[in-house]
Each structure stands twice: as structure tokens, then as C-alpha cells.
Amino acid sequence: MADCLTSNSSANVAAGISTAVVGAIGNTVGIILMMLILKTPSFHNAFGYLCISHLVSHIGVYSANIFWAAPALILEFDHSITHSFFGVLAGVIENTFWYAAIYSLLQMSLNRLIAIAFPLKYNTIFSPRNLTFGIAAVWTLSVSHCCIYFWSGCHFLFSVSQLSWVYPETECGEIISFYLDFCLSIFLITAVFIIDAFTFVFIRRRAKELSRTCATNTQEEANFKKNIIFFIQGCLGAINQALGIFFYHYFIRTGSTKWQRFAGTSLIFQFCHITDALITIIFIKPVRDQLCHSLHLRKETTKIIMVKDSAH
Numbered sequence: 001m002a003d004c005l006t007s008n009s010s011a012n013v014a015a016g017i018s019t020a021v022v023g024a025i026g027n028t029v030g031i032i033l034m035m036l037i038l039k040t041p042s043f044h045n046a047f048g049y050l051c052i053s054h055l056v057s058h059i060g061v062y063s064a065n066i067f068w069a070a071p072a073l074i075l076e077f078d079h080s081i082t083h084s085f086f087g088v089l090a091g092v093i094e095n096t097f098w099y100a101a102i103y104s105l106l107q108m109s110l111n112r113l114i115a116i117a118f119p120l121k122y123n124t125i126f127s128p129r130n131l132t133f134g135i136a137a138v139w140t141l142s143v144s145h146c147c148i149y150f151w152s153g154c155h156f157l158f159s160v161s162q163l164s165w166v167y168p169e170t171e172c173g174e175i176i177s178f179y180l181d182f183c184l185s186i187f188l189i190t191a192v193f194i195i196d197a198f199t200f201v202f203i204r205r206r207a208k209e210l211s212r213t214c215a216t217n218t219q220e221e222a223n224f225k226k227n228i229i230f231f232i233q234g235c236l237g238a239i240n241q242a243l244g245i246f247f248y249h250y251f252i253r254t255g256s257t258k259w260q261r262f263a264g265t266s267l268i269f270q271f272c273h274i275t276d277a278l279i280t281i282i283f284i285k286p287v288r289d290q291l292c293h294s295l296h297l298r299k300e301t302t303k304i305i306m307v308k309d310s311a312h
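At position 294 of the sequence shown the residue is numbered 294 (full-length UniProt numbering), and the sequence of numbers has no breaks.
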């Protein structure tokens with residue numbers, strides 16, 4: 001019996017450390033990417049600020065896992081702690097940032113559609129005022145979704161025994177899990193794919209127009225190619241997010257073991273957010289260039305310091 005308890009305790013510690021490490025990696029990648037975007041002049045626009053809002057949502061998800069889920073596993077929080085006000089609040093924070101991630105993905109998809117389909121109206125539609133209102137609306141909507149989690153029987157909590165974030169097995173929990181979480185997430189991701197499909201149609205149409213025009217404006221062609229890259233990045237981000245939703249609900253709803261649930265929910269969900277950030281770095285050249293420039297400066301600074309130290 002004692003050996004069994006010790007083994008279970010060690011397993012929880014391992015799961016907690018894994019959660020914290022993956023979350024720390026995600027936070028590091030997200031913060032670095034935010035700094036790169038802020039340092040990149042070509043991203044000081046609506047799309048850049050939407051990317052930052054999206055990254056903030058990722059960082060919030062990582063932080064909820066680092067500062068609540070990981071300690072809960074390592075210290076083996078009992079029912080009185082996980083179901084306390086702070087446990088409920090942690091679930092509210094976790095899901096608020098999750099909803100913000102999906103809504104901001106939808107915003108970015110709309111941004112690409114407007115940029116390609118209606119380039120002359122882009123600056124008007126995504127004016128600083130409209131952009132601020134849009135981002136504020138996303139976060140307000142995300143918070144409003146999660147207010148219901150404070151109601152008894154409707155909490156979204158981290159379960160130490162199941163190694164994952166779960167809804168209670170109550171009528172309210174079942175309704176929220178299916179309609180507010182699963183159905184809403186599927187609806188939003190489907191909307192993103194539909195918008196991306198329309199964007200693809202406009203890309204093909206615009207490509208044909210440019211190919212028929214002999215005197216193509218170089219700047220116009222460059223902007224078109226840039227928007228295509230942003231479109232590809234958005235599509236991959238949507239696919240990545242859809243996979244995260246699928247894995248979470250598949251492993252939560254099937255008769256899987258708690259370790260399968262842990263891998264398929266807590267870990268994969270965080271890895272999906274990390275992948276989303278890496279997609280941005282890989283596909284967007286100005287961000288890659290800024291990263292290479294920062295690494296080069298760091299390398300040169302290190303060389304100078306080493307030379308000065310050797311001189312002394």
C-alpha cells in the first residue's frame with residue numbers, strides 16, 4: 001500500500017514538473033516572439049497588434065498551468081484546495097485566455113481577408129480606434145463566457161487525480177462542456193476555415209489580375225506576396241488549434257487512462273500553443289530577420305566582453 005502511494009506521488013511530481021517545464025518553454029517562446037514583433041517596424045500595424053493579443057492569450061494559458069496545475073500536481077492539492085475560490089479562479093483564468101486565443105485567431109483571419117479582398121478599405125476598417133475596440137471586445141467576450149464558472153456545479157477545475165482540467169459531472173458541467181466549450185470552439189474554428197476559404201478565392205483572383213497586368217507595381221506585388229504568407233500562417237494556426245480542441249475532447253470523453261488524458265490535454269494543449277508561436281517565427285520573414293539580428297548582436301556583444309576580459 002505504501003509503495004503504491006509512493007509510486008502515485010512520484011508520478012504526480014513527474015507530471016507536475018512536465019507541466020511546468022512545457023509551460024515555461026511556451027512562455028519563453030511567446031515572450032521572445034512578442035519582443036521580436038515589437039522590435040519589427042513592419043509589424044507596427046493592425047496585424048502585428050492582433051498577433052500580440054493572440055500571444056498574450058497563449059502566455060495566460062501557460063501561466064495558469066505553471067502557477068496552478070503544476071503546483072497542484074507536485075504538492076498534491078486535496079479537494080478542499082482544488083475546489084476552493086482560488087481553484088475556481090484558476091479555471092476561469094485558464095479558459096478566459098483559451099477563448100481569447102480562438103477569438104483572436106478569428107480576428108487575424110478577418111484581417112487577412114480584408115487586406116487581400118479590400119486593400120483600399122483596410123486602413124479604414126482596421127483604424128487604431130476600430131482595432132482597439134475589436135481587441136477589447138474579444139477580451140470582454142472571453143471574460144463573459146467564463147463568469148458562469150463561478151456558479152456552484154459549473155466550475156472548471158484542475159483535477160489532481162485525473163491530471164487534467166475538467167468540468168464537473170453535473171448537469172451544468174455537461175452543458176458547459178458540450179455547448180460553451182466544444183460546440184463554440186468548433187463553430188469559431190469552422191468560421192476561421194470558411195473565412196480562409198474566401199481569402200483563398202480572392203488570392204487566386206488577385207493573382208490572375210496581377211499576371212495579366214504588364215506594368216505591375218512592385219510594392220503592390222510585394223504586399224500581395226506578404227499577405228499570402230500571412231494567409232498560410234493563419235491556416236496552419238487554425239489547423240493547429242483545431243487539433244488541440246480535438247485531442248482535448250477526445251481524451252476527456254473516451255475511456256482513456258489518466259496518463260493518456262494528461263498527455264492529450266494538459267501537455268498537447270500547451271504544445272499546440274507553442275507550435276502556433278513557432279509557425280509565426282518560421283513563416284514571417286521580418287520576424288525571422290529580427291531574431292537573427294538580435295542573435296547576431298548578442299554574439300558580437302559576447303565577443304567584445306570576452307576580448308575585454310582577456311585584456312585585463
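The C-beta atom is built at its ideal place from N, Cα and C for all residues, glycine as well.
Quick caveat, the model's predicted, so the values are computed rather than measured.
Short of 7 Å in beta carbon distance, which residues of its chain neighbour residue i, apart from the five on each side in sequence? Order them along the chain.
i, result
"I37", "F43, G48, C51, I52, V287"
"L55", "G30, L33, M34, A277"
"Y167", "F156, G173, I176, S177"
"L243", "C272"
"F198", "L113"
"A46", "N111, F126, L131"
"Q107", "L50, G134, V138"
"S10", "none"
"A90", "A64, W68, F158"
Assign residue i to one of three DSSP states: helix, strand, or coil.
i, result
"L163", "coil"
"F158", "strand"
"D78", "coil"
"N65", "helix"
"S142", "helix"
"W151", "coil"
"P168", "coil"
"H83", "coil"
"T275", "helix"
"N95", "helix"
"A2", "Because the pLDDT of A2 is 47, which lies under 50, any placement of that residue in the model is unreliable, and the number read from its coordinates should be weighed accordingly. Three-state DSSP puts A2 in a helix."
"residue 338", "Nothing can be reported for residue 338: it is not among the residues displayed for the chain, which extend from 1 to 312."
"N227", "helix"
"T40", "coil"
"N45", "coil"
"S127", "coil"
"F118", "coil"
"T280", "helix"
"T28", "helix"
"T257", "coil"
Skipping 5 residues on each side, what residues in its chain have a beta carbon closer than 6 Å to that of residue i?
i, result
"A2", "Below a pLDDT of 50, predicted positions are generally treated as unreliable, and A2, at 47, falls in that range; the measurement from the model is reported next regardless. Cβ neighbours of A2 beyond the five flanking positions: none."
"Y99", "S142, H145"
"L5", "Confidence in L5 is poor, its pLDDT being 48 and thus under 50, which makes the residue's placement too unreliable to answer from."
"F97", "S57, G60, V61"
"N95", "C146, F156"
"F20", "Here the sequence assigns Ala to residue 20, which means Phe is not the residue at that position. Around A20: I66, A70."
Round the Cβ separation of residue i and residue j to the nearest angstrom and send it over; I've been treating them as touching at under 8 Å.
i, j, result
"residue 317", "F150", "Past the edges of the chain, shown from 1 to 312, lies residue 317, and the structure says nothing about it."
"R261", "L163", "6 Å"
"I279", "F247", "At roughly 17 Å, the Cβ-Cβ gap does not stay under 8 Å, so I279 and F247 are not in contact."
Kindly indicate which residue of the options has the alpha-carbon position closest to the one of residue i.
i, options, result
"F202", "A263, L180, I228", "I228"
"A14", "Q233, E209, V160", "V160"
"L180", "H249, I74, E76, T265", "H249"
"I59", "L120, E76, G23", "G23"
"G264", "S9, I74, F251", "F251"
"Y122", "T19, S266, N223", "N223"
"residue 314", "L75, P119, L89", "Since the first residue of the chain shown is 1 and the last is 312, residue 314 is not available in this structure."
"S18", "T40, P41, K39, L73", "L73"
"residue 340", "K225, I148, G234, T82", "No information on residue 340 is available, as it lies outside the stretch 1 to 312 that the chain covers here."
Given residue i, which residues of its chain have a CB within under 8 Å of its CB, disregarding the five upstream and five downstream residues?
i, result
"Y103", "V138, L141, S142, L188"
"A238", "L105, S109, I189, V192, F193, D196"
"T170", "G153, C154"
"F231", "R112, I116, D196, T199, F200, I203"
"N27", "I59, Y62, S63, I66"
"Q270", "T19, V22, G23, G26, V61, Y62, N65"
**Prompt:** Does the stretch 267–280 touch the stretch 183–190, meaning 3 or more C-beta pairs lie closer than 8 Å?
**Reply:** By the Cβ test, the stretch 183–190 is not in contact with the stretch 267–280, since fewer than three Cβ pairs between them sit closer than 8 Å.
**Request:** Please determine if the stretch 231–243 and the stretch 133–147 are in contact, where contact requires at least 3 C-beta pairs separated by less than 8 Å.
**Result:** No, the stretch 231–243 is not in contact with the stretch 133–147.
**Item:** Three-pair Cβ contact test at 8 Å for the stretch 59–73 versus the stretch 120–130
**Value:** Not touching, per the Cβ criterion.
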